[in-house]
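A.B. asks: I have a structure I would like to understand better, so I am pasting it below and will then ask my questions one at a time.
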């Protein structure tokens, strides 16, 4: 920044920076189309976790557990109407040819096998062409219970088409498949339907992300413009500020595109963060520059002085804010790590843009445009000095209030729960939320349940004695109301047993003797090889049990997993088999176990790093220790709010603490920096505090107001976690300001 001290170079440099940023802006625009939005549950898997390693090997044998798409087509008062059944059958048959579909199943395409003297034949599950058989068909379906709440609901008002898709479909592939499905449904006059599955989640969440980024950018931009106009009452100043902030956002998004970054569910926070962090930097620089102009300092000298005074402090706050986001690297979740890195980059981009672009643009303006409206009111100074006087008169009350406040925060943290439900993370009142609720209410749910059954001591999972142990577990799983649609390698044997006994539902059981079992096993390997391959690996050492789980909350599901594990260890023959619950669902649930520990670990590292920076800058250990108090308390307050409001702690909420920690420390640094400067200039403590309140207090209040309303923009979100995050951060940052203005002066008087 030394070049600013050389007046002869100012005109050249300011023009150079303005042209440079305009060129960079044009380049950034060209990179925006390279931004990619993505959504994958694997983004929320805890890295370096043994369960993740096991699941990855499990996937190699059986494929992923979310490669399905369910389409429930409604027809009231009943699906047993010939026209509807014919339309649904045509849709079901057409779906077999859709791109990325491996298998298609429905009650109109499946059939019952029946053993006759001539071999196996099949019987239709629904006699579509004979309406007189419909009641008998329904009674038979209810007897078997194999398809109820799986391919047909118990009210007979909807049929489900179950599609098995290619693994790990991306956004374009998901969109292509869903467009085919919707076109086919329309063609076959099936207007009332609900969809559930990976492809639909991918499409819906990505569309939400795009909408959220656009909405938050527009609303936050309007908000920043209004606040700056109210503060400065000078259109040129406001336009310069808005242009600089918008440029920083544009450069940041262009940089993400150039780096090939994928924007996940956290992307909606980037515009808000960039706008409010950039606005904070702009206000501190502009306030300092205008204040110096009002004392009749020439504009070049005023800018040089402001950059020396505010530039270093703002650099420090930008670094500490970036460090706050970097603490998210301690998370085991890749999506949270990416957010932390990207947000840290964004903060530094905002700082560089404000220092070089805003500084250059401000020098261009005539002094009258900046100070003619008396934008810095004396009323601000008077009010802030009254706050200072209050801290001098009532220090004991402030400390007592802080102690009580801290105790309440700790109590709230003790009440924090992790019983997160997946439906609460879906866009409110959206099609996907309604469809998710429909399947939750009428079918077996969405969450996949995967249980690996591993043979021991040289046994194979295809052995009769192992199949009997598996059957014990299957019977136990049926006792859980939250578990449905359970299937296993025993299913083909049950089907053949029933087929060999006149299709009587009473024989839909595992054969009771080994001889019959081996007979059906031979038939299964001949006629149902594809079905068996879904449940048994190639060397027959692992068998698969899969099903669906209701969305009853992560804590409740942990109880279910624990009970299954306990049953296997105490009721099954462990000399024959061992079991392990796996799948994407349990991996998602596990991330809550790491949130608390990774948060504490990350914040501790961040606190130490920021402490080192502050100790180096202020060269005063007492000031460093004093700064910790008003910055730790807002973090405790954020945690306490989660507890008192009954909001479960889940992955995306972990960013709350990084944002609060990274931004709240900014005000403390500005306050302490001005106080330290006053002391170095020979002022006593009281005079230094008065100067700090008078010259820095206004900027702190204004930036906090912008931060408050900036994050309140998230209330417009259709994504419930975003609404929660916006609300908690807004309130917490106001709390941080109050602590800085009330508690810091008391601590400085007592300890310095």
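Numbering (the numbering used here), first residue to last: 68 to 819.
Heads up, the beta-carbon is just placed ideally off N, CA and C, and yes, glycines get one too.
Computed from a predicted structure; not experimentally measured.
With DSSP collapsed to three states, give me the class of residue 148.
C.D. replies: Three-state result, residue 148: coil.
A.B. asks: Using three-state DSSP, classify residue 514 as helix, strand or coil.
C.D. replies: Reduced to three states, the DSSP call for residue 514 is strand.
A.B. asks: Which parts of the stretch 232-299 are runs of the beta strand (DSSP E), unbroken and 3 residues or longer, counting only runs that do not cross its ends?
C.D. replies: Listed in chain order, the complete beta strand (DSSP E) runs (minimum 3 residues) inside the stretch 232-299 are 260-264.
A.B. asks: Given that a residue counts as buried once 16 or more other Cβ atoms are within 10 Å of its Cβ, and exposed if not, what is residue 363?
C.D. replies: So residue 363 counts as exposed.
A.B. asks: To the nearest angstrom, how far is it from the Cα of residue 810 to the Cα of residue 728?
C.D. replies: Roughly 17 Å between the two C-alpha positions.
A.B. asks: Got a sec, what are the start and stop residues for the beta strand (DSSP E) residue 609 sits in?
C.D. replies: Looking at the DSSP string, the run of the beta strand (DSSP E) that includes residue 609 is 609-616.
A.B. asks: Following the continuous beta strand (DSSP E) through residue 170, name the residue where it begins and the one where it ends.
C.D. replies: It spans 168-172 - the beta strand (DSSP E) in which residue 170 sits, taken as one unbroken run.
A.B. asks: Would you check if the distance between the CB atom of residue 585 and the CB atom of residue 538 is smaller than 8 Å?
C.D. replies: No. Outside cutoff.
A.B. asks: Looking only at C-alpha atoms, which of 231, 569, 130, 531 sits nearest to residue 560?
C.D. replies: Among 231, 569, 130, 531, the Cα nearest to that of residue 560 belongs to 531.
A.B. asks: Can you list, in chain order, the residues of its chain whose CB lies under 6 Å from that of residue 556, leaving out five sequence neighbours each side?
C.D. replies: Closer than 6 Å at the Cβ level, and outside the excluded window around residue 556, lie 602, 603, 610.
A.B. asks: So what does DSSP say about residue 187, is it helix, strand or coil?
C.D. replies: If DSSP states are grouped into helix, strand and coil, residue 187 belongs with the strands.
A.B. asks: Give me the DSSP bridge partner(s) of residue 494.
C.D. replies: In DSSP, residue 494 forms a bridge with 786.
A.B. asks: By how many angstroms is the C-alpha of residue 194 removed from the C-alpha of residue 173?
C.D. replies: Looking at the two C-alpha atoms, the distance is approximately 13 Å.
A.B. asks: Is it right to say residue 81 is buried, meaning 16 or more other beta carbons lie within 10 angstroms of its own, or is it exposed?
C.D. replies: Buried is the call here.
A.B. asks: What residues match up with residue 554 in a beta bridge as DSSP calls it?
C.D. replies: Partner(s): 613.
A.B. asks: Could you work out which residue in 95, 817, 96 is closest to residue 458 when comparing CA atoms only?
C.D. replies: Among 95, 817, 96, the Cα nearest to that of residue 458 belongs to 817.
A.B. asks: Comparing the C-beta of residue 724 with each C-beta of chain D, is any distance below 8 Å?
C.D. replies: In the structure shown, chain D does not exist; there is a single protein chain.
A.B. asks: Quick one: Cα of residue 299 to Cα of residue 425, how far?
C.D. replies: Using only the alpha carbons, I get a separation of about 15 Å.
A.B. asks: Check for me: the beta strand (DSSP E) holding residue 645 runs from which residue to which?
C.D. replies: Start and end: 644-649.
A.B. asks: In this structure, does DSSP put residue 482 in helix, strand or coil?
C.D. replies: Of the three classes helix, strand and coil, the one that applies to residue 482 here is coil, per DSSP.
A.B. asks: Please state the DSSP three-state secondary structure of residue 755.
C.D. replies: Helix, per DSSP.
A.B. asks: Take residue 385 as the anchor and find which of 343, 357, 433, 403 has the nearest alpha-carbon.
C.D. replies: That would be 343, whose Cα lies nearest to the Cα of residue 385.
A.B. asks: According to the Cβ coordinates, are residue 649 and residue 121 closer than 8 Å?
C.D. replies: Yes, Cβ-Cβ distance for residue 649 and residue 121 is below 8 Å.
A.B. asks: Could you give the distance in angstroms between the alpha-carbon of residue 761 and the alpha-carbon of residue 735?
C.D. replies: Approximately 15 Å between the Cα atoms of the pair.
A.B. asks: For the beta strand (DSSP E) containing residue 577, list its first residue and its last residue.
C.D. replies: Per DSSP, residue 577 belongs to no beta strand (DSSP E) and is neither H nor E.
A.B. asks: What whole-angstrom Cβ distance do residue 137 and residue 227 have, given they're in contact under 8 Å?
C.D. replies: Rounded, the Cβ-Cβ distance is 6 Å, consistent with contact.
A.B. asks: Could you pull out every unbroken alpha helix (DSSP H) segment of at least 4 residues lying fully inside the stretch 358-395, listed in chain order?
C.D. replies: Fully enclosed alpha helix (DSSP H) runs of 4 or longer: 366-373, 379-393.
A.B. asks: Could you tell me whether the stretch 305-319 touches the stretch 88-107, using the rule of 3 or more Cβ pairs below 8 Å?
C.D. replies: Yes, they touch.
A.B. asks: Alpha carbon to alpha carbon, how far is residue 407 from residue 547?
C.D. replies: Roughly 40 Å between the two C-alpha positions.
A.B. asks: Thinking C-alpha only, which one of 261, 468, 239, 241 is nearest residue 219?
C.D. replies: Looking at the Cα atoms, 261 is the closest of the given residues.
A.B. asks: Pick helix, strand or coil for residue 440, following the three-state DSSP scheme.
C.D. replies: A caution first: residue 440 carries a pLDDT of 49, below 50, which makes its placement in the model too unreliable to give a value.
A.B. asks: Could you give the distance in angstroms between the alpha-carbon of residue 264 and the alpha-carbon of residue 232?
C.D. replies: Using only the alpha carbons, I get a separation of about 10 Å.
A.B. asks: Three Cβ pairs or more, each shorter than 8 Å: is that satisfied between the stretch 365-385 and the stretch 281-296?
C.D. replies: Segments in contact, no.
A.B. asks: By a C-beta neighbour count over all protein chains shown, 10 Å radius and 16 as the cutoff for buried, is residue 337 buried or exposed?
C.D. replies: Looking at its Cβ environment, which holds 16 or more other Cβ atoms inside 10 Å, residue 337 is buried.
A.B. asks: Identify every residue that forms a DSSP beta bridge with residue 104.
C.D. replies: In DSSP, residue 104 forms a bridge with 330.
A.B. asks: On the criterion of 16 or more Cβ atoms from any shown chain inside 10 Å, does residue 487 qualify as buried, or is it exposed?
C.D. replies: Looking at its Cβ environment, which holds 16 or more other Cβ atoms inside 10 Å, residue 487 is buried.
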